[in-house]
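Quick notes on the structure that follows.
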Amino acid sequence: MEKEIKDLFDEEILREAAARFDIDVSTLTLIGRFQNFVYEYEKQDRSYILRLIHSSHRKEEAVKGELDWILYLANNGVSASKPIYSIRDRLTERISAKDSYFIATSFEKAIGKKIGYPECINNQELFEKCGEITGRMHLLSKQYIPSTKEIQRHEWTENYYLQNIKKFIPTSQYEIHESYKVLINKINHLEKDSNSFGIIHGDINVGNFLLSDEGINIFDFDECQYSWFVEDIAIQLFYIIYVFLDDSIEERQEEAYTFMKSFMRGYYRENFIDEYWLRQIPLFLQLREIIVYIGIYRSFELSNLNQWRRNYIMQSKARIEKGTPIVKDVIY
1 MEKEIKDLFD EEILREAAAR FDIDVSTLTL IGRFQNFVYE YEKQDRSYIL
51 RLIHSSHRKE EAVKGELDWI LYLANNGVSA SKPIYSIRDR LTERISAKDS
101 YFIATSFEKA IGKKIGYPEC INNQELFEKC GEITGRMHLL SKQYIPSTKE
151 IQRHEWTENY YLQNIKKFIP TSQYEIHESY KVLINKINHL EKDSNSFGII
201 HGDINVGNFL LSDEGINIFD FDECQYSWFV EDIAIQLFYI IYVFLDDSIE
251 ERQEEAYTFM KSFMRGYYRE NFIDEYWLRQ IPLFLQLREI IVYIGIYRSF
301 ELSNLNQWRR NYIMQSKARI EKGTPIVKDV IY
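Numbering follows the UniProt record's numbering, with no gaps: position 324 of the sequence shown is 324.
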């Protein structure tokens, strides 16, 4: 998280946010501060989440759009962490911070078990469940209309990282910037219709859902946006296979086939997507790799990376410069 935002966030802002949702501030436990400040707390033997987003990352109307989409999904059978109302009967609370503001929201905490690495690798049952919930969300997306036009979420080109590539990636990395332009141009030429394009989660990965006996309980819709449904599939594939570095290319390709076969079995139970779009997945794998690459430059001290991250960023840079997806073939 950028230093200026960290400097703006203080105990007074946290206390005000807690008060507006009737939370005892002493019960808050910080659990995340990658893009937002995220806390866990308990009330009446139930667990909840308090999240604060700075206005430089999301405006209040955009957050309202996120919550509108979550409520629509939850009301139509998707196990998503529902937002809760403040003491003023609002889903969002704006808290001033100099000439900007933070948006406070609170959610029910998802129930279930976290599935991390390496447990998620080659987990065909998990992949199938991911496909099922993704297909369900995409089917619902085809019918979703925001409550008001003002809260409609942004399109994919307005992704925070894509918008800020010049800010975070040095101009000396000329080939990265050129590859970015070429890729955006290719994707922009794809057709859009109600069966291929709509609002998506935008960041489904093992860190953003829990697994229970009932299935997947999904949360963290902060990146929801209008894009092609296939991007939601490519994102999940990327986060399963990116952990395999270049000395495991064959293993990475085999994992991609395993993922797609199991994922699509679950997906097709809920929604249909034409094979044409599955063949576009390599484009969206490239897009996700660029977003992750920018995210690393934004959020990590590059001189203090562990060995795995150093190896990954070196290999990622080479792939982006050459316009090569992390796997070329996803049709199993």
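Quick reminder that beta carbons are idealized off the backbone N, C-alpha and C, glycines included.
In this text the structure is predicted, and so the values were computed from the model without any measurement.
Nearest residue (CA-CA) to residue i, options the options
i       : options                            : result
Val-243 : Gly-295, Tyr-312, Val-330, Ile-31  : Tyr-312
Ile-290 : Asn-195, Phe-238, Asp-329          : Phe-238
Asp-10  : Val-63, Ile-95, Gly-77             : Ile-95
Ile-240 : Cys-224, Ser-212, Gly-207          : Gly-207
Phe-34  : Ser-227, Lys-6, Trp-156            : Lys-6
Gln-152 : Ala-19, Lys-64, Lys-98             : Lys-64
Glu-158 : Ser-147, Lys-59, Gly-266, Asp-45   : Lys-59
Trp-156 : Glu-175, Pro-118, Ile-200, Thr-27  : Ile-200
Lys-129 : Ala-110, Gln-163, Lys-181, Gly-215 : Gly-215
Glu-93  : Leu-71, Lys-167, Ile-13            : Ile-13
Asp-45  : Glu-108, Asn-164, Glu-275          : Glu-108
Ser-147 : Glu-61, Asp-193, Asp-68            : Asp-68
Tyr-161 : Glu-4, Gly-323, Arg-288            : Arg-288
Ala-318 : Ser-303, Gly-202, His-177, Glu-119 : His-177
Glu-321 : Tyr-180, Lys-192, Thr-29, Ala-17   : Tyr-180
Leu-50  : Asn-75, Glu-16, Leu-73             : Glu-16
Residues of its chain near residue i, where Cβ-Cβ distance is below 7 angstroms and the 5 sequence neighbours each way are ignored
i       : result
Glu-270 : Glu-132, Gly-135, Arg-136, Leu-139
Ile-296 : Ile-313
Ser-196 : Trp-228, Phe-229, Trp-277
Gly-32  : Val-38
Gln-315 : Leu-245, Asp-246
Glu-61  : Glu-150, Ile-151
Asp-22  : Ile-87
Own chain partners of residue i with C-beta closer than 6 angstroms, once the 5 adjacent residues on each side are dropped
i       : result
Ser-55  : Ser-100, Tyr-101
His-154 : Gln-225
Leu-211 : Gly-112, Lys-113, Ile-115
Pro-325 : Pro-282, Leu-285, Gln-286
Asp-220 : Asn-208
Leu-183 : Gln-286
Ala-110 : Ser-81, Leu-210, Asn-217, Phe-219
Glu-223 : Gly-202, Asp-203
Residue(s) in a DSSP beta bridge with residue i
i       : result
Ile-84  : Ser-106
Val-38  : Gly-32, Arg-51
Glu-155 : Tyr-226
Ser-100 : Ala-97
Lys-43  : Arg-46
Ile-218 : Ala-80, Phe-209
Lys-113 : Leu-211
Assigned secondary structure, residue i (DSSP; H/G/I helix, E/B strand, else coil)
i       : result
Gln-197 : Here residue 197 turns out to be Phe, not Gln, going by the sequence shown. The answer is strand: DSSP assigns Phe-197 an E or B state.
Ile-95  : strand
Phe-209 : strand
Lys-59  : coil
Asn-311 : helix
Asp-282 : Checking the displayed sequence, the identity of residue 282 turns out to be Pro instead of Asp. Three-state DSSP puts Pro-282 in a helix.
Gln-173 : coil
Cys-130 : helix
Gln-163 : helix
Lys-192 : coil
Thr-148 : coil
Asn-185 : helix
Phe-238 : helix
Phe-259 : helix
Gly-295 : helix
Gln-124 : helix
Lys-317 : helix
Gly-202 : coil
Tyr-332 : coil
Asp-24  : coil
Gln-143 : coil
Asn-271 : coil
Glu-301 : coil
Ile-233 : helix
Leu-245 : coil
Glu-119 : coil
Ile-70  : helix
Gly-65  : helix
Arg-90  : coil
Own chain, CB closer than 8 angstroms to residue i, minus 5 neighbours either side, in chain order
i       : result
Leu-278 : Val-230, Ile-233, Met-260, Met-264, Val-330, Ile-331
Glu-251 : Phe-244
Ile-121 : Ile-240, Val-243, Glu-255
Leu-71  : Lys-82, Pro-83
Arg-309 : Ile-296, Phe-300
Lys-328 : Pro-282
Gln-236 : Cys-130, Thr-134, Ile-204, Asn-205, Phe-259, Phe-263
Ile-169 : Ile-176, His-177, Tyr-293, Ile-294, Tyr-297
Glu-42  : Thr-27, Tyr-48
Is the stretch 245-263 in contact with the stretch 138-147, if contact means three or more CB pairs nearer than 8 angstroms?
In short, these stretches do not touch, since the Cβ pair count stays below three.
For the pair the stretch 185-192 and the stretch 31-46, tell me if three or more CB-CB distances fall below 8 angstroms.
Contact fails: fewer than three Cβ-Cβ distances are below 8 angstroms.
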